[in-house]
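Working notes, structure below.
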Amino acid sequence: MDQPQLFPRIDSHHHFLDPARRDYPWLKGMDAIERRFAPDDLAPLLDANHINGSVLVQTVSDLDETREFLRLAAETPWIVGVVGWVDLTDQTAAAMQDLRDSEGGEYLVGIRHPVHYEQDPDWLLGEEAQRGLEAVAEADLVYDLLVWPRELPAAITVARDFPHLRFVIDHIAKPPIASGETEPWAELMHEFAGLDNVACKLSGMVTEADAEHWSTEDLLPYVRTVVEIFGPDRLMFGSDWPVCLMAASYDEVVHSARQALSDLEVLTPEAEAAIFGGTTVRWYRLNLTNLDT
187 MDQPQLFPRI DSHHHFLDPA RRDYPWLKGM DAIERRFAPD DLAPLLDANH
237 INGSVLVQTV SDLDETREFL RLAAETPWIV GVVGWVDLTD QTAAAMQDLR
287 DSEGGEYLVG IRHPVHYEQD PDWLLGEEAQ RGLEAVAEAD LVYDLLVWPR
337 ELPAAITVAR DFPHLRFVID HIAKPPIASG ETEPWAELMH EFAGLDNVAC
387 KLSGMVTEAD AEHWSTEDLL PYVRTVVEIF GPDRLMFGSD WPVCLMAASY
437 DEVVHSARQA LSDLEVLTPE AEAAIFGGTT VRWYRLNLTN LDT
């Protein structure tokens, strides 16, 4: 007999796509997922994995997409938050207020910009971006750090310079799992250890591994590192669906995360409650009133 679930399980990171309506420059060549992905596609996967709710994350630098995602959140009880996009370099505060005033605006819980597409690895340190980050802090939203290892030095600096802003590192900062290399990624990530305003998503790992031949064992050095740095109270599970489908099914992503944590002997009931729900709820300050748990 299954044990009763005593905590909400939240997927902290997924997307929806509709190539017929919107251009996704990053999607070129990813034939396996170059199609529409919508709530009806994800709902049965959440149910099958006993996941109660999710955080929907922007995919392009487009305010209209964020408005659409907020409307979807208002219509879909299990979408409990949206991480949207605004231009950090231009009228950031006004754009966020406009989103909050739109349909579903109460579901806006964070902001993300694809920093890894900027030519300058120090883009976050620019004066305009810094003003934008301050506006995010004043709005009491989370800033999701979508960075690769080359942008980590700048991310470390802004996390130190903005102690009043909650940050989340997406996809454990995309280390080169396929090659098995851990440095300089691990050394840089350790700089976040003492920064209690920074959390990390246990997400996006399978697509950084060898997509055709990865195993949970390949993930262990990277999971071990972020567990040591952040601990369960600053770690949150995310599927990165449907991008994960380039390497693994939704079920496989959930299983691999649990298996890695179990292999490292850190998956206590308390740790599982935090990583698979509690940290996400607390960090994004999610309202679970309408959630079926």
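Residues in the sequence shown are numbered from 187 upward in steps of one, following the numbering used here.
Beta carbons are placed, not taken as given, at the ideal position from N, Cα and C, and that holds for glycine.
Please state whether the Cβ-Cβ distance between E308 and A340 is less than 7 Å. Residue mapping note: residue 308 aligns to position 122 of the sequence shown, counting from 1. Residue mapping note: residue 340 aligns to position 154 of the sequence shown, counting from 1. The question names Glu, but residue 308 in the sequence shown is Asp. Yes.
Residues bridged to F353 (per DSSP): Within the sequence shown, the letter at position 167 stands for residue 353. For F353, DSSP records a beta bridge to Y329, V384.
Out of curiosity, what's the CA-to-CA distance linking M187 and H236? Taking the first residue of the sequence shown as position 1, residue 187 is located at position 1. Taking the first residue of the sequence shown as position 1, residue 236 is located at position 50. Confidence is the limiting factor: at M187 the pLDDT is only 35, short of 50, which leaves the residue's position unreliable and the question unanswerable from this model.
Check each candidate in H399, L213, D204, D449 and name the one with the smallest Cα separation from A434. Locating residue 434 in the sequence shown gives position 248, where the first residue counts as 1. Nearest C-alpha to A434: H399.
Who does M422 pair with in a DSSP beta bridge? Within the sequence shown, the letter at position 236 stands for residue 422. Paired residue(s): K387.
In whole angstroms, what is the alpha-carbon distance linking F348 and V354? Translated into the one-based positions of the sequence shown, residue 348 becomes position 162. Translated into the one-based positions of the sequence shown, residue 354 becomes position 168. Roughly 13 Å between the two C-alpha positions.
Spatial neighbours of A443 in its chain, beta-carbon cut-off 7 Å, leaving aside the 5 residues before and after: Along the sequence shown, one-based indexing puts residue 443 at 257. The answer, listed in chain order, is L388, F423.
Start-end ranges of the alpha helix (DSSP H) lying completely within the region 262-312, minimum 4 residues: The qualifying runs are 278-287.
Report all residues from its chain with a CB closer than 8 Å to the CB of D227; omit the five preceding and five following residues, and keep chain order. Here residue 227 corresponds to residue number 41 of the sequence shown, with the count starting at 1. For D227, where only same-chain residues beyond five positions count, the Cβ hits under 8 Å are P428.
With DSSP run on the structure shown, which of helix, strand or coil describes H376? Against the sequence shown, residue 376 aligns to sequence position 190. The answer is helix: DSSP assigns H376 an H, G or I state.
Could you say which of T475, T278, G463 lies nearest to G318 if we only look at CA atoms? By one-based count along the sequence shown, residue 318 stands at place 132. In terms of CA proximity to G318, T278 leads the group T475, T278, G463.
Going by beta carbon distance, what residues of the same chain come within less than 6 Å of A395, once the five residues before and after it are set aside? Taking the first residue of the sequence shown as 1, we reach residue 395 at position 209. Cβ neighbours of A395 beyond the five flanking positions: I363, A364, D404.
Using 10 angstroms around the beta-carbon of A224, count the other beta-carbons present and answer buried if the total reaches 16, otherwise exposed. As a first step, residue 224 is located in the sequence shown; it is residue number 38 there, counting from the start. Its Cβ having fewer than 16 others within 10 Å, A224 is exposed.
Determine the contact status of L232 and V268, defining contact as a CB-CB distance below 7 Å. Counting from one through the sequence shown, the residue named residue 232 turns up at place 46. Counting from one through the sequence shown, the residue named residue 268 turns up at place 82. No. Outside cutoff.
Out of curiosity, what's the CA-to-CA distance linking T411 and V328? Counting from 1 along the sequence shown, the entry for residue 411 is found at position 225. Counting from 1 along the sequence shown, the entry for residue 328 is found at position 142. Whole-angstrom Cα-Cα distance: 23 Å.
Which same chain residues end up closer than 6 Å to L242 when comparing Cβ atoms and leaving out the 5 residues on each side of it in sequence? Position 56 of the sequence shown holds residue 242. Excluding residues within five positions, the ones whose Cβ falls inside 6 Å are F255, I265, V268.
Secondary structure at F223, three-state DSSP: helix, strand or coil? As a first step, residue 223 is located in the sequence shown; it is residue number 37 there, counting from the start. Annotated three-state conformation of F223 is strand, per DSSP.
Limits of the alpha helix (DSSP H) - the one that H441 falls within: The sequence position of residue 441 within the sequence shown is 255, counting from 1. Note, H441: alpha helix (DSSP H), 436-449.
Going by alpha carbons, who is nearest to E314 out of V272, T252, S448, Y210? As a working note, residue 314 is residue 128 in the sequence shown. The shortest C-alpha separation from E314 is found at V272.
Assigned exposure category for A280 - 16 Cβ within 10 Å defines buried: Within the sequence shown, residue 280 is the residue found at index 94, counting from 1. Label assigned to A280: exposed.
Here's a check: name, in chain order, each residue in its chain whose Cβ is nearer than 6 Å to the Cβ of K360, leaving out the five neighbours to either side. Residue numbering aside, residue 360 sits at position 174 when the sequence shown is read from its first letter. Contacts found: W334, E394.
What residue range does the alpha helix (DSSP H) around D404 cover? Residue mapping note: residue 404 aligns to position 218 of the sequence shown, counting from 1. From DSSP, the alpha helix (DSSP H) with D404 extends over 402-416.
For H199, which option in A345, Q316, F462 has the closest C-alpha, if you only look at C-alpha atoms? Within the sequence shown, numbered from 1, the residue matching residue 199 stands at position 13. Among A345, Q316, F462, the Cα nearest to that of H199 belongs to F462.
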